[in-house]
Amino acid sequence: MAAAGVAEGWCAPEVREAFPGLRLVLAETPPAPAGWLSGASPAGVRERLRALSDRWSGAQAVMVRRQAIPAAYRVFFRHIGLDPDVQRTPLERAVLERLMDGGFVSRGLLHDVLLLALVDTSVPVWALDADALDGPLGVRLSQEGEPLGQGGDAPGLAAGQLVVADASAAVAVLFGEPSPMHAATTRTRRVALFALQVEGVPAMHVEEALWSCHTRLEWAAQ
Amino acid sequence: MLSDVLSDALRRQGRIMVSTEQQLDVDYPAGERAAIDSLRAQIAKLERELSGIVAAGFPHVSGAAVSERRSSPRLLSLGELEEIRDRLVQRVHNAQCRTGSRAEFERRSRALLERMKLEPGRYKFVRLPAADVGEAGCGVYQVRPRLGIVGMLAGWWELKLSSGCPLGWGPRASVAPGGGFKSERAHAFAWP
Chain A
1398 MAAAGVAEGW CAPEVREAFP GLRLVLAETP PAPAGWLSGA SPAGVRERLR
1448 ALSDRWSGAQ AVMVRRQAIP AAYRVFFRHI GLDPDVQRTP LERAVLERLM
1498 DGGFVSRGLL HDVLLLALVD TSVPVWALDA DALDGPLGVR LSQEGEPLGQ
1548 GGDAPGLAAG QLVVADASAA VAVLFGEPSP MHAATTRTRR VALFALQVEG
1598 VPAMHVEEAL WSCHTRLEWA AQ
Chain B
122 MLSDVLSDAL RRQGRIMVST EQQLDVDYPA GERAAIDSLR AQIAKLEREL
172 SGIVAAGFPH VSGAAVSERR SSPRLLSLGE LEEIRDRLVQ RVHNAQCRTG
222 SRAEFERRSR ALLERMKLEP GRYKFVRLPA ADVGEAGCGV YQVRPRLGIV
272 GMLAGWWELK LSSGCPLGWG PRASVAPGGG FKSERAHAFA WP
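If you read the protein sequences in the order shown, they are chains A and B. Residue numbers for the first sequence follow the working numbering, so the first one is 1398 and each next one is one higher. Residue numbers for the second sequence follow the working numbering, so the first one is 122 and each next one is one higher.
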């Protein structure tokens, strides 16, 4: 994978057939010294969060559902059996938290970088520990009782759930948080980023979201 | 009957018999696929419609159904998609009803405001939030006596609009001209 480039993940045939517009888009940061993700975000990132906080009011939090990209995710949520008014789409959840907290609160470099990409582009991005992955990521259906992640205490999945998986395990339920074993932490040296492009979301926005995360993480690593 | 036997055999093979002379090939998976696509398109249209109604009716109209439970992302069957479509139709209908009743409430509030302007003496101390007539902000229309006690004695009443949202440090205890707390007479109807 190129340093700042993006790649496309795989989709199981039944998923591809059901959702021809679904794409898993991937990017990966170059290796950095251990501990580079710990500590506070750089001042520029925190400043950007503050600036974005000022742009979101209560009324906009409701209006966001009418914008093209958030609306596309809401429709996709319905198509996969999620109710976006109960399980909010990532952008709506972030905007709601901003209203509750009074601003986009900085919670560390990785969190902030993903949040900025989400608010800037409306496309959610998730981060994994690239060294914990086994092969490229893709979207498939889960097997009955299959663990989310690996290890004895990994929770079991029901059959037929849509998951993001590598060659050996499911690493996250679609639109859910990654398993603790695969999630990027402060010990992570290489971050694997992935975003889900659904029908109605232009590829450019997805790539911009990944590029934004990649660039900010690269700067922070230097 | 031979035609029934033939019809059953063809149906099992994924074909249906229209008549003994004419046979129409039907690809069942393709037909189901088309039905699923059609249902998804309907769900997308309903979702956009619901979002539009909720956004336009904010904060008085909500699109959320109280009884909805959390679920897991999965591939939905035709039946499940139909169920989602039907629930969305119901929610759009409910949201439209709510929008309609809100519009009626605001119309009645505006009519009351007009009457308060024309005959303030008949609506002494009646308060009408500006939000109830569809205006933004926290202002409240209230019929008050001009020049305080003098106005009360002389029957000089006027409609005033309060200055807006309360300050950050909270509301002040307001005292009516007579010394007691200000009357909080609600107007004739209220938005539920």
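Built from N, CA and C at the ideal position, the CB exists for glycine as well.
_Report the CB separation of S1609 (chain A) from A1465 (chain A) in whole angstroms; it is logged as a contact under 8 Å._
What you label residue 1609 (chain A) is simply residue 212 of the first sequence in a count that begins at 1. What you label residue 1465 (chain A) is simply residue 68 of the first sequence in a count that begins at 1. Contact flag wrong, Cβ pair sits at about 19 Å.
*Identify every residue that forms a DSSP beta bridge with D1526 (chain A).*
Along the first sequence, one-based indexing puts residue 1526 (chain A) at 129. D1526 (chain A) pairs with A:V1588.
*Does the distance from the C-beta atom of A1581 (chain A) to that of D1531 (chain A) stay below 8 Å?*
Here the question's residue 1581 (chain A) lines up with position 184 in the first sequence. Here the question's residue 1531 (chain A) lines up with position 134 in the first sequence. Cβ distance not < 8 Å, so A1581 (chain A) and D1531 (chain A) don't count as in contact.
*Contact with chain A by L197 (chain B), beta-carbon distance below 8 Å*: Walking along the second sequence from the start, residue 197 (chain B) turns up at place 76. Judged by the 8 Å Cβ criterion, L197 (chain B) is in contact with chain A.
*Candidates B:D253, B:I270, B:L199: closest to P150 (chain B) by CA position*: Numbered from 1 along the second sequence, position 29 holds the residue referred to as residue 150 (chain B). Answer by Cα proximity: B:L199.
_Interface flag, V1595 (chain A) vs chain B, CB-CB below 8 Å_ = Your numbering for residue 1595 (chain A) matches position 198 in the first sequence. Not an interface residue.
_Output needed for E1604 (chain A): all residues of its chain with C-beta closer than 8 Å, excluding positions within five of it in sequence on either side, in chain order._
Looking up residue 1604 (chain A) in the first sequence gives position 207. For E1604 (chain A), where only same-chain residues beyond five positions count, the Cβ hits under 8 Å are V1403, V1422.
*Which value, in whole angstroms, describes the spacing of the CA atoms of T1486 (chain A) and Q1619 (chain A)?*
For the purposes of this step, residue 1486 (chain A) is identified with residue 89 of the first sequence, where counting begins at 1. For the purposes of this step, residue 1619 (chain A) is identified with residue 222 of the first sequence, where counting begins at 1. Approximately 33 Å between the Cα atoms of the pair.
*Among A:P1552, A:A1551, A:L1590, A:L1545, which one has its Cα closest to the Cα of V1560 (chain A)?*
In the first sequence, counting from the first residue as 1, residue 1560 (chain A) sits at position 163. Cα-wise, what sits closest to V1560 (chain A) is A:L1545.
_Using C-beta distances below 7 Å, list every residue in its chain close to G1418 (chain A), excluding the 5 sequence neighbours before and after it, in chain order._
Against the first sequence, residue 1418 (chain A) aligns to sequence position 21. Excluding residues within five positions, the ones whose Cβ falls inside 7 Å are V1595, E1596.
*Starting from the Cα of A1566 (chain A), find the closest Cα among A:L1534, A:L1593, A:G1573, A:R1586 and give me that residue.*
Position 169 of the first sequence, counting from 1, holds the residue named residue 1566 (chain A). Taking only the C-alpha atoms, the option nearest A1566 (chain A) is A:L1534.
*Could you spell out where the beta strand (DSSP E) holding Q1619 (chain A) opens and where it closes?*
As a working note, residue 1619 (chain A) is residue 222 in the first sequence. Q1619 (chain A) -> no beta strand (DSSP E), and no H or E assigned at all.
*For V175 (chain B), decide whether its Cβ has a neighbour in chain A, counting only Cβ atoms nearer than 8 Å.*
For the purposes of this step, residue 175 (chain B) is taken as the residue at position 54 of the second sequence. So, interface residue.
*What do you get for R212 (chain B), buried or exposed, if any count of 16 or more other CB atoms within 10 angstroms of its CB means buried?*
As a first step, residue 212 (chain B) is located in the second sequence; it is residue number 91 there, counting from the start. Buried, by the Cβ-count rule.
*In chain order, what residues of the same chain lie with their CB nearer than 8 Å to the CB of V182 (chain B), ignoring the 5 residues before and after it?*
As a working note, residue 182 (chain B) is residue 61 in the second sequence. Once the five neighbours on either side are set aside, the close Cβ partners of V182 (chain B) are I174, V175, A216, R219, T220, R223.
*Going along the chain, which residues of the stretch 157–168 of chain B sit with their C-beta nearer than 7 Å to a C-beta in chain A?*
R161, I164, A165, E168
*So, is the C-beta of A1567 (chain A) closer than 8 Å to a C-beta in chain B?*
By one-based count along the first sequence, residue 1567 (chain A) stands at place 170. So no, A1567 (chain A) is outside the interface.
_Proximal residues, the stretch 208–228 of chain B versus chain A, C-beta separation under 8 Å_ = L209
_Coil, strand or helix - Q144 (chain B) by DSSP_ = Here residue 144 (chain B) is taken as the residue at index 23 of the second sequence, counted from 1. Caution is warranted here: a pLDDT of 48 is assigned to Q144 (chain B), below 50, making its placement in the model unreliable, and the coordinate value is therefore given only provisionally. Strand, per DSSP.
*What does E256 (chain B) reach in chain A if we use C-beta pairs closer than 8 Å?*
Here the question's residue 256 (chain B) lines up with position 135 in the second sequence. Simply none; closest approach about 14 Å.
*Measuring CA to CA, which of A:G1542, A:V1520, A:P1552 is closest to L1590 (chain A)?*
Taking the first sequence and counting its residues from 1, the one referred to as residue 1590 (chain A) is at position 193. Checked all of A:G1542, A:V1520, A:P1552; the closest Cα to L1590 (chain A) is A:V1520.
*asked:* Less than 8 Å between the beta carbons of F1572 (chain A) and P194 (chain B), yes or no?
replied: Looking up residue 1572 (chain A) in the first sequence gives position 175. Looking up residue 194 (chain B) in the second sequence gives position 73. Yes, the pair counts as a contact, with Cβ atoms nearer than the cut-off.
*Going by CA-CA distance only, name the one from A:P1427, A:H1579, A:P1430 that's closest to L1525 (chain A).*
Walking along the first sequence from the start, residue 1525 (chain A) turns up at place 128. Among A:P1427, A:H1579, A:P1430, the Cα nearest to that of L1525 (chain A) is on A:H1579.
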